[in-house]
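Below is one structure, written out as structure tokens; comments come after it.
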Amino acid sequence: MSRPGQAQPATEADELFERPLFIVSPPRSGSTLLFETLAAAPGLYSPGDESHALIEGVPGLSPAAHDWDSNRLLAEHAGAPVGAALRERFFRQLRDRDGQPPGAGPVRMLEKTPKNALRIPFLRTVFPQARFVFLYREPRQVLASMIDGWRSGQFQTYPRLPGWDGPAWSFLLTPGWRQLAGRPLEEVVAAQWAATMQVLLDDLAALPAGEWIGIEHGRFLADPQGEVRRICDWAGLAWDRTLGRELPLSRYTLTPPDPEKWRRHEPAIEATRALWEPQAARAGALLG
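Take 18 as the starting number for the sequence shown in the working numbering and just add one per residue.
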């Protein structure tokens with residue numbers, strides 16, 4: 018049996034999963050729309066929604082187990098019992114595009130939970146064949162949507178976060194969050210996005226070639242058929258549908274899409290440029 022912190026032997030995970038796909042991005046980057054679109058690929062199974070409780074319900078994986086540090090999880094958190102429990106929990110939730118559960122493994126899985134942008138080393142240990150789809154959206158649009166999300170109260174994750182006296186904590190819990198106490202919401206959101214991107218980009222840079230692919234939200238909206246087919250070709254998946262130029266709204270849409278919607282928060286977002294611009298430049302260079 019593997020010792021805690023060791024990668025699981027590939028044979029243990031491969032009995033259930035073959036090259037599972039994880040969409041990774043900061044929150045409000047359009048990952049739900051991409052997830053719902055890709056989930057229509059034949060032979061692909063998903064848990065159907067984000068996996069917050071599914072993951073954090075495993076003992077040792079919630080931030081409460083780590084002094085509320087963050088949602089960051091590393092390989093050392095993926096001991097053999099934890100990995101086995103998590104794989105079983107995922108497998109039980111999987112359904113294909115027709116709502117049918119998988120037969121005997123291994124199966125192809127699609128998953129997306131924004132917190133997983135902080136968990137790539139952990140996921141690669143639990144799922145040794147894991148592949149990652151990095152979704153990037155223009156940060157001004159994301160930051161505006163995150164501000165709206167915080168204010169809506171619909172994305173609260175840790176409403177009673179110890180040591181936090183601001184509005185109920187929403188979205189993922191990022192490293193260094195305690196330093197944001199007393200800061201205005203636009204700074205909290207900008208720091209939240211930047212911390213997520215820094216961890217995510219560092220982790221992607223450490224992956225072997227071929228284990229991740231990048232997609233820009235704007236290009237996906239402009240050519241959904243071409244971008245989905247590109248991802249499916251890379252992932253070794255079939256694609257048998259024709260997408261129109263206009264995709265349906267995703268389940269977590271707050272207001273109708275508008276590329277200029279972010280300008281309602283333009284002064285606040287531009288005032289925090291020093292927080293988010295360095296990671297935006299890194300992402301742009303990485304994606305070319």
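Every residue gets a Cβ at the ideal spot worked out from N, C-alpha and C, and that includes glycine.
Query	Result
Buried or exposed (CB count within 10 angstroms, at least 16 for buried), Arg109	exposed
N- and C-terminal bounds of the beta strand (DSSP E) containing Leu197	Run containing Leu197: none; DSSP gives neither H nor E here.
Between the CA atoms of Ala285 and Asp66 - distance to the nearest angstrom	32 Å
Integer Cβ distance of Ala255 from Ala58, believed to fall under 8 Å	7 Å
Option in Asp240, Gly235, Gln242 with minimal Cα separation from Gly47	Gly235
Residues near Ser79 by beta carbon distance below 6 Å, same chain, minus five either side	Glu73
Straight-line gap, Ala121 to Arg200 (C-alpha atoms, nearest Å)	51 Å
Euclidean distance between Cα positions of Phe237 and Ala297	18 Å
For Val216, the first and last residue of its enclosing alpha helix (DSSP H)	202-222
Exposed unless 16 or more other CB atoms sit within 10 angstroms - verdict on Thr259	exposed
Within the segment 49-80, ranges of the alpha helix (DSSP H) (whole runs, at least 4 residues)	69-73
Neighbour-count burial assignment, Gly166, 16 or more Cβ in a 10 Å radius	buried
Straight-line Cα distance separating Trp293 from Ala207	6 Å
Three-state secondary structure (DSSP) of Met18	Confidence in Met18 is poor, its pLDDT being 30 and thus under 50, which makes the residue's placement unreliable; the coordinate value appears in the next sentence. Met18: coil per DSSP, three-state reduction.
Option in Gly100, Thr54, Gln196 with minimal Cα separation from Asp257	Thr54
Residue span of the alpha helix (DSSP H) that contains Leu38, given as start and end	No alpha helix (DSSP H) holds Leu38; the beta strand (DSSP E) holding it covers 38-41.
Supposed contact pair Leu38 and Met126 - C-beta distance, whole angstroms, cut 8 Å	7 Å
Which of helix, strand or coil DSSP assigns to Trp85	coil
Distance, Ala97 Cα to Gly301 Cα	37 Å
Option in Phe172, Tyr153, His282, Ala211 with minimal Cα separation from His69	Phe172
Where the beta strand (DSSP E) through Trp229 begins and ends	229-233
Distance, Gly116 Cα to Phe107 Cα	15 Å
Exposure label - Ser87; buried when at least 16 CB within 10 Å	buried
Alpha-carbon spacing of Leu135 relative to Arg195, whole angstroms	17 Å
Own chain, CB closer than 6 Å to His94, minus 5 neighbours either side, in chain order	Phe139
Gly166 - DSSP class collapsed to helix/strand/coil	helix
Three-state secondary structure (DSSP) of Gln23	For Gln23, the predicted model reports a pLDDT of 39, less than 50, meaning its position is unreliable and no value from the coordinates is stated.
Cβ pair Glu233, Arg148 closer than 7 Å	no
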